[in-house]
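Numbers in the working numbering are just positions in the sequence shown, counted from 1, shifted up by 11.
Glycine included, every Cβ here is placed at the ideal spot set by N, Cα and C.
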Amino acid sequence: MAADRHTLKRQRLGRELRQTREERGEKINHVAALLNMDGNKLGRMELAKTYVGHHDLHRLCDIYDVTPEQRHAWEQLLVGKRPNHWWRSYGDVMPAAFTEFVALENDAVEEFEYTPMAVCGLLQTQDYAAAMLGKGARALGLEQAEALVAVRMARQQRLFEEPTLVYRPVISEVALSFDLGDPALMRDQLLHIADVAALPNVEFRVLPLAAGRDALQPLPFTVLRFDDPDPDVAFTEDLGGTIPHESEREVRRCNRLFRQICDAALTPEESITLILGRAEGT
């Protein structure tokens, strides 16, 4: 996925506008004159070099006399001003696959996430994220760790800013048991989870130890869902880093695993009760 979804939509819209104009036998300068613009601008629209405005699209639909179904399809491809690709400023510290994940997460409308050994990234406090990125087999240098903590905090804005992301995280109870060397840090993290879990667009669950070994999946994974015809995309993670999966078979497998994990997990209400109980005991 070299291009983000906004770019792909714009390119597809441009191709279809050009194809329709040519099928109608219209010259580019003639159509541009009807739109009160020059032919160069319309050409840039067809080449996805500039954005198509709502008014211009509706006028083109009238000029080409397209069906209501085609008009609706083009409206779904309409992209406004360039989205804020904030993550690009961290390109020097983000691996390519993780950059792809963040870009797609920025476009997603729904996210399913399971993490067996840590709190999910969108639920982490800044102190917890810093502690996790500085430990383990993949411990990072200070500068890179600080940058990735900033990325993690920026990603969390999807939970609060419109359009909000529908987020369904599941963590194992094991993830709540690690000693990070600072009880206050873990207490703050647990209370933060409870606060975020109370959001209407968040459905948080804990997979309890009592669920047994068969229910505990060893590797974290995420499924992203979109509001357009594009299919779901899954990401898994191992010691080598983030791995994208676009094949229907792999995505279907991750969706099936997530349903199984949710079936074995506590309810959202039980999960928050567990979190608050652990926070009181920390």
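Assumed close pair residue i, residue j - CB separation to whole angstroms, cut-off 8 angstroms
i	j	result
Leu-218	Ser-183	5 angstroms
Trp-98	Ala-114	7 angstroms
Leu-287	Ala-205	6 angstroms
Thr-18	Phe-112	Between Phe-112 and Thr-18 the Cβ distance is about 17 angstroms, and since that is not below 8 angstroms, they are no contact.
According to DSSP, residues forming a beta bridge with residue i
i	result
Val-181	Tyr-125, Arg-216
Leu-24	Looking at the DSSP assignment, Leu-24 forms no beta bridge with any residue, so it has no partner.
Ile-254	Thr-247
Extent of the continuous beta strand (DSSP E) to which residue i belongs
i	result
Leu-235	232 to 236
Check whether residue i and residue j have beta carbons under 9 angstroms apart
i	j	result
Ala-129	Ala-141	no
Ala-107	Leu-235	no
Lys-52	Ala-43	yes
Tyr-125	Gln-200	no
Ser-282	Ala-208	yes
Leu-196	Pro-127	no
Leu-134	Arg-289	no
Thr-61	Arg-70	no
Val-181	Tyr-101	no
Lys-20	Leu-88	yes
Cys-77	Thr-31	A small correction: the amino acid at residue 77 is Val; Cys does not occupy that position in the sequence shown. A contact, by the Cβ cut-off of 9 angstroms.
Arg-198	Thr-284	no
Arg-179	Arg-216	yes
Asp-190	Asp-138	no
Trp-85	Glu-173	no
Phe-171	Leu-210	yes
Euclidean distance between Cα positions of residue i and residue j
i	j	result
Thr-278	Gln-271	13 angstroms
Glu-248	Phe-232	6 angstroms
Ala-276	Asn-212	19 angstroms
Glu-116	Val-177	11 angstroms
Thr-136	His-203	7 angstroms
Asn-266	Asp-225	17 angstroms
Val-104	Gly-223	38 angstroms
Arg-23	Asp-243	19 angstroms
Asp-274	Phe-246	21 angstroms
Glu-80	Glu-154	51 angstroms
Glu-57	Gly-50	11 angstroms
Ile-39	Glu-33	9 angstroms
Phe-123	Gly-36	47 angstroms
Val-160	Leu-144	8 angstroms
His-65	Gly-251	44 angstroms
Glu-121	His-41	43 angstroms
Glu-261	Tyr-75	41 angstroms
Met-48	Gln-167	41 angstroms
Leu-46	Val-63	12 angstroms
Phe-269	Thr-175	21 angstroms
Gly-25	Gly-152	44 angstroms
Pro-255	Arg-82	33 angstroms
Glu-214	Ala-158	28 angstroms
Asp-241	Glu-280	33 angstroms
Val-185	Asp-73	60 angstroms
Gly-132	Arg-263	23 angstroms
Continuous alpha helix (DSSP H) stretch holding residue i: start and end
i	result
Pro-79	79 to 88
Gln-155	153 to 166
Asn-117	107 to 118
Pro-194	194 to 208
His-69	65 to 75
His-41	39 to 45
Thr-284	279 to 292
Asn-131	It should be pointed out that residue 131 corresponds to Cys in this sequence rather than to Asn. Where Cys-131 is concerned, there is no enclosing alpha helix (DSSP H), given that its DSSP letter is neither H nor E.
Gly-50	50 to 57
Ala-221	Counting along the chain, Ala-221 falls outside any alpha helix (DSSP H), and DSSP gives it neither H nor E.
Val-262	259 to 275
Gln-228	Counting along the chain, Gln-228 falls outside any alpha helix (DSSP H), and DSSP gives it neither H nor E.
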